[in-house]
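Scroll down for the structure; my scribbles are underneath it.
Written as structure tokens, this is what we have:
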């Protein structure tokens, strides 16, 4: 790859690191505001190191009149996540109680909005560490990519290409200039976060807990300030979390379209309607199952607990509300299936995404009709648009490699000594960016801390692959990509 291209990529990475260095001062201010002094040096040194490296990359001379090609965006996207993760782990690395493997796992889980954790004793943890974990969620949700889409056009780089390599959003443009779309998305993201903070505070959380859970819910991350997650807080907060987990799982470009006057954009979208219908149906089924198979639980509590867990898993947030593995084999199997589903494209959620299931159903229905009427010309449509071969091919390719990635990762985890349930569900929850797995170790009542360091590194790689939707990283491993 040409040196001028690498210098431009380095300049953009420098901007990311400077932003991250500024974000590292927020835990320091939080600790000082709460009259605490713990872990201030760790965050200050981390901020200075990150700032120095960022300034070095920005101040290096960069060539003009050199444009990044689409292939260069794949390298930029992957490097941005890896480098940001490495520097974001510095505060945890400097904290002596946390090992390097734990710091890498926790940071990758945070910035990919997975929500799997290796930390315990969160109720007594330093507020600086807690707010940093939540900030990683918030920055990883849309923050860095949204900022990039806003900044890159000013550098004469196609910002929307970076957004498309990071996510599965292939919706139509809602505005002629992509950096304006990014600014609207960031405004909406901030508005949702502030609204969630006030709603959590009104529902009974402290202002500190409200800020943390607002960033986790809107980014569909799942980190909490308590070892028992949302079960530690009043019932009203559960409904608030459900609302903002759903809002974070819907396409942000449709929010922009709504702000610009297309008030029916959200309700007319097939993906949104399908997502909400699936949530309602599965929540109803599991609410009834939970009520019938659990003693001393009222119908209202059954609906609240079951619906919360369904939304948490489908949106890939991963907030815990009790141990649903105690509900019986049917519930366990259903929750395992829900791990793969995910929210809508162009949202902060992970998983396969709802639109891929809808497109697969449309293809199946068309093929069945073709078998009945072999000579008929059947046109396949989705969301009012014809399904061309590029979309179908990309969906089939991604789905295949998505499944293969989980299978290979699970096999590697089993090879290093993990049991079948932990290996399989751990691989699935990492690649789908959900958080909790199944079993006594990494289930909703468990933690990833007992896993060996090698497993934590493997799962961290799985989280990155899932967040970047596999193909973005795999393309870097081909010989064709590195040919001049």
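Numbering (my numbering), first residue to last: 1441 to 1924.
Every residue gets a Cβ at the ideal spot worked out from N, C-alpha and C, and that includes glycine.
The structure displayed is predicted, hence computed values, not measured ones.
Keeping to the same chain, check which residues put their C-beta closer than 7 Å to that of residue 1665; ignore five residues upstream and five downstream.
Counting from 1 along the chain shown, the entry for residue 1665 is found at position 225. Non-local beta-carbon contacts of residue 1665 in its own chain, meaning distances under 7 Å to residues more than five positions away in sequence, involve 1562, 1570, 1649, 1652 in chain order.
Could you tell me if residue 1514 is buried or exposed, where buried requires 16 or more neighbouring beta carbons within 10 angstroms of its beta carbon?
Residue 1514 sits at position 74 when you count from the first residue of the chain shown. Buried is the call here.
Relative to the C-alpha of residue 1621, which candidate in 1547, 1685, 1698 has its C-alpha closest?
On the chain shown, position 181 is the one that residue 1621 refers to. Nearest C-alpha to residue 1621: 1698.
Cβ neighbour criterion (16 or more within 10 Å) applied to residue 1547:
The residue you call residue 1547 lines up with position 107 of the chain shown. Buried, because 16 or more other Cβ atoms sit within 10 Å of the Cβ of residue 1547.
Using a threshold of 8 Å, state whether the C-beta atoms of residue 1868 and residue 1853 are closer than that.
For the purposes of this step, residue 1868 is taken as residue 428 along the chain shown, with counting starting at 1. For the purposes of this step, residue 1853 is taken as residue 413 along the chain shown, with counting starting at 1. Between residue 1868 and residue 1853, the CB-CB gap reaches or exceeds 8 Å.
Within the region 1626-1700, note down every full beta strand (DSSP E) run reaching 3 residues or more, in order along the chain.
List check, beta strand (DSSP E) in window: nothing returned.
Beta-bridge pairing of residue 1531 - partner residues as DSSP gives them:
Taking the chain shown and counting its residues from 1, the one referred to as residue 1531 is at position 91. Paired residues: none, contrary to the question.
Alpha carbon to alpha carbon, how far is residue 1517 from residue 1452? Give it in angstroms, no decimals.
Counting from one through the chain shown, the residue named residue 1452 turns up at place 12. Counting from one through the chain shown, the residue named residue 1517 turns up at place 77. When rounded, the distance between both Cα atoms is 10 Å.
Roughly how many whole angstroms lie between the Cα atoms of residue 1491 and residue 1458?
In the chain shown, residue 1491 corresponds to position 51, counting from 1. In the chain shown, residue 1458 corresponds to position 18, counting from 1. Whole-angstrom Cα-Cα distance: 5 Å.
Do residue 1524 and residue 1456 come within 8 Å of each other at the CB atom, strictly closer than that value?
Numbered from its first residue, the chain shown carries residue 1456 at position 16. Numbered from its first residue, the chain shown carries residue 1524 at position 84. Taking 8 Å as the cut-off, the Cβ atoms of residue 1456 and residue 1524 count as close.
What's the C-alpha gap between residue 1460 and residue 1487?
Along the chain shown, one-based indexing puts residue 1460 at 20. Along the chain shown, one-based indexing puts residue 1487 at 47. Residue 1460 and residue 1487 have their C-alpha atoms some 8 Å from each other.
In whole angstroms, give me the CA-to-CA distance for residue 1579 and residue 1816.
Against the chain shown, residue 1579 aligns to sequence position 139. Against the chain shown, residue 1816 aligns to sequence position 376. Residue 1579 and residue 1816 have their C-alpha atoms some 50 Å from each other.
Under a Cβ-count criterion, where at least 16 other Cβ atoms within 10 Å of its own Cβ denotes burial, should residue 1715 be classed as buried or exposed?
For this step, residue 1715 is matched to residue 275 along the chain shown. Within a 10 Å sphere around the beta-carbon of residue 1715 sit 16 or more other beta-carbons, which makes this residue buried.
Just how far apart, CA to CA, sit residue 1864 and residue 1881?
Taking the first residue of the chain shown as 1, we reach residue 1864 at position 424. Taking the first residue of the chain shown as 1, we reach residue 1881 at position 441. In a straight line, the C-alpha of residue 1864 is about 13 Å away from that of residue 1881.
When you compare each of 1856, 1550, 1877 to residue 1780 by their alpha carbons, which one comes out closest?
Stepping through the chain shown from its first residue, residue 1780 is reached at position 340. Across the set 1856, 1550, 1877, the C-alpha of 1877 shows the shortest separation from the C-alpha of residue 1780.
Per DSSP, the bridge partner or partners of residue 1822
The residue labelled residue 1822 in the question sits at position 382 within the chain shown. Listed as beta-bridge partners of residue 1822 by DSSP are 1825.
Extent of the continuous alpha helix (DSSP H) to which residue 1548 belongs
Sequence index remark: in the chain shown, residue 1548 carries index 108 (1-based). Residues 1540-1551.
Using the Cα positions of residue 1796 and residue 1829, report the straight-line distance between them to the nearest angstrom.
By 1-based counting over the chain shown, the position of residue 1796 is 356. By 1-based counting over the chain shown, the position of residue 1829 is 389. Distance between the alpha carbons of residue 1796 and residue 1829: 14 Å.
If you measure between the beta carbons of residue 1719 and residue 1753, is that distance less than 8 Å?
Start at 1 with the first residue of the chain shown, and residue 1719 comes out as number 279. Start at 1 with the first residue of the chain shown, and residue 1753 comes out as number 313. For residue 1719 and residue 1753, no; Cβs fall outside 8 Å.
Does residue 1540 get closer than 8 Å to chain D when you measure Cβ to Cβ?
Checking the listed chains, one finds no chain D in this structure; it contains a single protein chain.
What is the DSSP secondary structure of residue 1906, reduced to helix, strand or coil?
In the chain shown, counting from the first residue as 1, residue 1906 sits at position 466. Assigned with DSSP and collapsed to three states, residue 1906 falls in helix.
Relative to the alpha-carbon of residue 1848, which residue among 1806, 1905, 1836 has its alpha-carbon at the smallest distance?
Here residue 1848 refers to the residue found at position 408 of the chain shown. Here the closest residue by C-alpha is 1905.
If we call anything under 8 Å between Cβ atoms a contact, is residue 1782 one with residue 1671?
By one-based count along the chain shown, residue 1782 stands at place 342. By one-based count along the chain shown, residue 1671 stands at place 231. By the CB criterion at 8 Å, residue 1782 and residue 1671 fall outside the cutoff.
Residue 1706 versus residue 1911 - alpha carbon distance
Taking the chain shown and counting its residues from 1, the one referred to as residue 1706 is at position 266. Taking the chain shown and counting its residues from 1, the one referred to as residue 1911 is at position 471. Computed Cα separation, rounded: 28 Å.
Is the region 1807-1814 touching the region 1679-1698 in the sense that three or more CB pairs, one from each, lie closer than 8 Å?
At 8 Å Cβ cutoff, the stretches do not touch.
On a CA-only basis, which of 1744, 1702, 1542, 1529 is nearest residue 1891? Give me that one, please.
Reading the chain shown from its first residue, position 451 is the one you call residue 1891. Of 1744, 1702, 1542, 1529, the residue nearest in Cα terms is 1542.
When burial is assigned at 16 or more other CB atoms within 10 Å of the CB, is residue 1801 buried or exposed?
For the purposes of this step, residue 1801 is identified with residue 361 of the chain shown, where counting begins at 1. The residue in question, residue 1801, is exposed, as its Cβ has fewer than 16 Cβ neighbours within 10 Å.
Candidates 1630, 1765, 1808, 1922, of which the one nearest residue 1729 by Cα
In the chain shown, the residue the question calls residue 1729 occupies position 289. Ranking 1630, 1765, 1808, 1922 by CA distance to the CA of residue 1729 puts 1765 first.
Quick one: give me the first and last residue of the alpha helix (DSSP H) that residue 1537 is part of.
By one-based count along the chain shown, residue 1537 stands at place 97. Where residue 1537 is concerned, there is no enclosing alpha helix (DSSP H), given that its DSSP letter is neither H nor E.
Would residue 1581 pass as a contact of residue 1669 if the rule is Cβ separation under 8 Å?
Against the chain shown, residue 1581 aligns to sequence position 141. Against the chain shown, residue 1669 aligns to sequence position 229. Judged by beta-carbon spacing, residue 1669 lies beyond the 8 Å limit of residue 1581, meaning their Cβ atoms are not closer than that value.
The ligand MG heavy atoms versus the CB of residue 1649: any closer than 7 Å?
This structure lacks the ligand MG, and indeed carries no ligand of any kind.
Residue 1884 - DSSP class collapsed to helix/strand/coil:
Taking the chain shown and counting its residues from 1, one reaches residue 1884 at position 444. Secondary structure at residue 1884: coil, using DSSP grouped into helix, strand and coil.
Do residue 1419 and residue 1553 have their C-beta atoms closer together than 8 Å?
Residue 1419 lies beyond the stretch modelled for the chain, which goes from 1441 to 1924, so this question has no answer here.
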